[in-house]
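Visitor:
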Amino acid sequence: MDTKAIRQKLYDYIRNADDKKVKAIYTIVEGDIDHVNEWWNDKDFILEIERRSADLKSGKDKGISWADFKNGLPKENS
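Residue 1 is where the sequence shown starts when you use our numbering, and the numbers rise one by one after that.
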């Protein structure tokens with residue numbers, strides 16, 4: 001089973017699970033959830049963002065324009 005299918009099964013299960021089961025699942029993943037939600041406390045992540053920002057400001061990384069970005073997105077219903 002691929003990750004997308006697993007996510008959907010978990011989503012469906014949690015939506016309909018009783019409170020006790022939801023709390024049990026939350027207890028298992030609580031540490032990871034807090035870690036993801038507190039990205040500003042992740043020194044390596046902040047350093048990477050600062051490096052990328054400096055590269056864009058200095059011209060080392062040219063980036064892409066918003067228009068080019070939007071044009072590169074797949075069109076819906078195409």
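Just so it is clear, CB atoms sit at the ideal spot from N, CA and C, and this is done for glycine as well. Just so it is clear, the structure is predicted and the values come from calculations on it, not from any experiment.
Could you have a look at K23 and say whether DSSP puts it in helix, strand or coil?
Guide: It is helical.
Visitor: Among W40, D68, A67, R52, which has the Cα closest to the Cα of D61?
Guide: Selected option, being the one with the closest Cα: R52.
Visitor: When you compare the CB positions of I25 and I14, do they come within less than 8 Å of one another, or not?
Guide: Going by C-beta atoms, I25 is nearer than 8 Å to I14.
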